[in-house]
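In the working numbering, the protein residues as written are 43 to 254.
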């Protein structure tokens with residue numbers, strides 16, 4: 043069966059999970075999750091894969107081993123197109139799409155900073171981000187509070203150099219159109235706009251780690 047949208051039950055499921063993130067709630071409502079969240083998300087990914095390649099549906103369970111927050115379940119359902127790190131998510135409030143470099147460390151962070159520092163690749167990144175902002179997307183990602191070691195405070199792209207993660211995102215509040223095939227068109231259009239940022243990341247930073 044093709045994608046037919048995310049109905050009110052999908053958002054209601056997450057509203058309930060926010061109020062009671064427990065095994066009892068999950069067990070009592072697992073069929074709702076399967077029918078109204080997981081299956082539609084898989085159907086959406088099936089629609090997108092011919093253009094964007096293989097995808098990954100994230101597990102609904104949180105890894106609480108090293109977290110002070112021991113709530114067992116994620117309050118959203120996310121999925122990725124593995125080529126370029128294009129992301130889509132639904133939660134109690136609506137939908138989100140994103141693309142870019144969600145976290146960087148070690149050698150990947152070194153490569154990112156070298157590419158931002160270099161005039162050609164750094165200016166190309168600035169232009170990509172400016173285009174995304176003009177399209178209504180928000181630029182986000184974790185940043186250092188101070189300049190990274192080895193770079194001058196007056197570097198022309200010091201703001202970008204401070205990033206440890208850099209991505210663009212766009213969200214929509216829950217709305218009746220989400221229960222229709224319009225979701226496919228909106229996510230596809232957003233991913234097409236985000237794809238150049240993923241291509242820049244693949245060239246200059248390297249493939250992301252989606253092992254979480």
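Where is the CB? At the ideal position from N, CA and C, for every residue including glycine.
Bridge partners - residue i, DSSP secondary structure assignment
i           : result
residue 143 : 208
residue 99  : 121
residue 84  : Paired residues: none, contrary to the question.
residue 128 : 123
Whether residue i touches residue j by CB criterion (8 Å)
i           : j           : result
residue 206 : residue 151 : yes
residue 63  : residue 129 : no
residue 49  : residue 127 : no
residue 121 : residue 82  : no
residue 45  : residue 89  : yes
residue 156 : residue 181 : no
residue 242 : residue 170 : yes
residue 154 : residue 247 : yes
residue 258 : residue 86  : Here the chain comprises residues numbered 43 to 254, so residue 258 is not present and cannot be evaluated.
Rounded distance between the beta-carbons of residue j and residue i, thought under 8 Å
i           : j           : result
residue 232 : residue 139 : 4 Å
residue 191 : residue 200 : Not really, about 13 Å apart at Cβ, beyond 8 Å.
residue 133 : residue 118 : 4 Å
residue 235 : residue 177 : 5 Å
residue 142 : residue 208 : 5 Å
residue 213 : residue 47  : The pair is not a contact, with the Cβ atoms about 17 Å apart (cut-off 8 Å).
residue 136 : residue 215 : 4 Å
residue 70  : residue 94  : With a Cβ gap of about 35 Å, residue 70 and residue 94 do not count as contacting.
residue 75  : residue 102 : 7 Å
residue 3   : residue 193 : A question about residue 3 goes unanswered here, because the residues of the chain that appear run from 43 up to 254.
Residue i in three-state terms, based on DSSP
i           : result
residue 138 : strand
residue 133 : strand
residue 220 : helix
residue 170 : helix
residue 186 : coil
residue 213 : strand
residue 175 : helix
Delimiting residues of the beta strand (DSSP E) encompassing residue i
i           : result
residue 182 : 180-182
Host alpha helix (DSSP H) of residue i (start-end)
i           : result
residue 52  : 50-61
residue 197 : Premise fails: residue 197 is in no alpha helix (DSSP H) and is neither H nor E.
residue 69  : 65-75
residue 149 : 148-159
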